[in-house]
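Student: The structure under discussion is supplied below as structure tokens; questions concerning it will follow.
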Amino acid sequence: MLELRLVQGSLLKKVLEAIKELVTDANFDCSATGFSLQAMDSSHVALVALLLRSEGFEHYRCDRNLSMGMNLNNVSKMLRCAGNDDIITLKADDGSDTVTFMFESPNQDKIADFEMKLMDIDSEHLGIPEAEYHAIVKMPSAEFARICKDLSSIGDTVVISVTKEGVKFSTRGDIGNANIVCRQNTTVDKPEEATIIEMQEPVSLTFALRYMNSFTKATPLSNTVTISLSSELPVVVEYKVADMGYIRFYLAPKIED
Amino acid sequence: PCIQKKILDYFCRD
């Protein structure tokens with residue numbers, strides 16, 4: 047028996063909008079720790095890892111570990127029927143091949159349940175090692191989205207370079223090239239407007255902008271984004287999901303032939 | 120000429 051009640055249902059709506067472009071089908075895993083998902087895009091270049099900790103739910107019942115295969119486009123269709131202020135409850139019985147999404151309006155005057163068929167998905171679970179990153183950049187998520195969007199009108203790839211001067215996003219294309227430098231800036235009115243750069247050593251990596259732009263679909267989840275870079279690892283682009291968890295996007299770099 | 124690396128070049132199956 048599974049029953050997860052999320053008072054801030056809009057978080058789940060935003061989570062689905064954040065990942066459905068990148069991943070078509072995925073297993074949602076339920077355990078005592080929380081509600082999670084790990085999936086790669088169809089070309090195995092990017093990986094998304096979602097965790098919503100059990101403590102973040104108003105009610106969290108998961109009698110045994112459960113993996114539920116879902117088509118994310120269909121989940122998104124179901125969740126779009128929930129109001130932004132609705133409380134969302136996920137329910138599934140043991141051995142059932144369906145999951146039910148229950149939507150309650152804040153004053154309880156409308157209660158809807160949508161039942162969705164589950165699917166069998168063969169997915170590989172990857173071990174993601176704890177790692178030391180050469181540079182970690184925390185910046186406003188809207189700023190990062192703007193940079194990725196702007197650069198993708200010039201080129202297909204972005205070079206992200208972190209030095210003591212700041213973080214530089216560069217691209218080049220047929221019509222020309224572009225460089226955007228963001229310097230550390232902590233003298234702002236609100237902490238979420240700060241750009242904070244922690245650098246152990248300089249790092250410079252090249253990534254496909256198409257994926258970066260896809261990751262920025264998570265922007266509505268959080269005012270800030272954290273970009274962790276290491277020359278030996280995929281970049282991690284992380285958006286917090288309120289105080290209950292995160293979405294982490296991993297993207298393998300492009301390297302010189 | 121850049122090669123797009125894959126996630127599986129870095130992370131192993133559990």
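Sequences listed follow chains A and V, in order. So the first sequence is numbered by the working numbering: it starts at 47 and just counts up by one. So the second sequence is numbered by the working numbering: it starts at 120 and just counts up by one. Each residue gets a CB set at the ideal place from its N, CA and C atoms; glycine is no exception.
#1: Hey, L267 of chain A and I206 of chain A are a contact pair by Cβ (cut 8 Å); roughly how many whole angstroms apart?
#2: Can you find the residues in the same chain that come closer than 7 Å, C-beta to C-beta, to F215 of chain A, ignoring five residues on each side of it along the sequence?
#3: Per DSSP, C127 of chain A forms a beta bridge with which residues?
#4: Roughly how many whole angstroms lie between the Cα atoms of K184 of chain A and I65 of chain A?
#5: Where do the N-terminal and C-terminal ends of the beta strand (DSSP E) with A224 of chain A fall, by residue?
#6: Quick check on I243 of chain A - is its C-beta less than 8 Å from some C-beta in chain V?
#7: Do you know how far the Cα of I182 of chain A is from the Cα of N245 of chain A?
#8: Please list, in chain order, all residues of the same chain as L93 of chain A whose beta carbon is under 6 Å from its beta carbon, the five residues on each side excluded.
#9: In the segment 168-189 of chain A, which residues sit with their C-beta less than 8 Å from some C-beta in chain V, listed in chain order?
#10: Is the distance from the Cβ of Q123 of chain V to the Cβ of A158 of chain A below 8 Å?
#11: So the alpha helix (DSSP H) K59 of chain A belongs to, where does it begin and stop?
#12: Please list the residues of the segment 232-256 of chain A that have a C-beta atom closer than 9 Å to any C-beta atom in chain D, keeping them in chain order.
Tutor: Quick look at the numbers:
#1: Residue numbering aside, residue 267 of chain A sits at position 221 when the first sequence is read from its first letter. Residue numbering aside, residue 206 of chain A sits at position 160 when the first sequence is read from its first letter. About 21 Å; that fails the 8 Å criterion.
#2: As a first step, residue 215 of chain A is located in the first sequence; it is residue number 169 there, counting from the start. Contacts found: I193, L197, V204, I206 and I226.
#3: Within the first sequence, numbered from 1, the residue matching residue 127 of chain A stands at position 81. For C127 of chain A, which the question treats as bridged, DSSP gives no partner whatsoever.
#4: Taking the first sequence and counting its residues from 1, the one referred to as residue 184 of chain A is at position 138. Taking the first sequence and counting its residues from 1, the one referred to as residue 65 of chain A is at position 19. Roughly 21 Å separates the two Cα atoms.
#5: As a working mapping, residue 224 of chain A is identified with position 178 in the first sequence. It spans G222 to C228 - the beta strand (DSSP E) in which A224 of chain A sits, taken as one unbroken run.
#6: Translated into positions along the first sequence, residue 243 of chain A becomes position 197. Not one chain V Cβ lies under 8 Å of I243 of chain A.
#7: To locate residue 245 of chain A, count along the first sequence from 1; it is residue 199. To locate residue 182 of chain A, count along the first sequence from 1; it is residue 136. Checking the sequence, you will find Met at residue 245 of chain A rather than Asn. Approximately 6 Å, taken between the alpha carbons.
#8: As a first step, residue 93 of chain A must be located in the first sequence, where it is residue number 47. So the qualifying residues of the chain are M86 and Y296.
#9: E170, H171, L172, G173, I174 and P175
#10: Taking the first residue of the second sequence as 1, we reach residue 123 of chain V at position 4. Taking the first residue of the first sequence as 1, we reach residue 158 of chain A at position 112. Against a cut-off of 8 Å, the Cβ pair of A158 of chain A and Q123 of chain V comes out as no contact.
#11: Residue numbering aside, residue 59 of chain A sits at position 13 when the first sequence is read from its first letter. S56 to I65 is the extent of the alpha helix (DSSP H) around K59 of chain A.
#12: The displayed structure is made up of protein chains A and V, and chain D is not among them.
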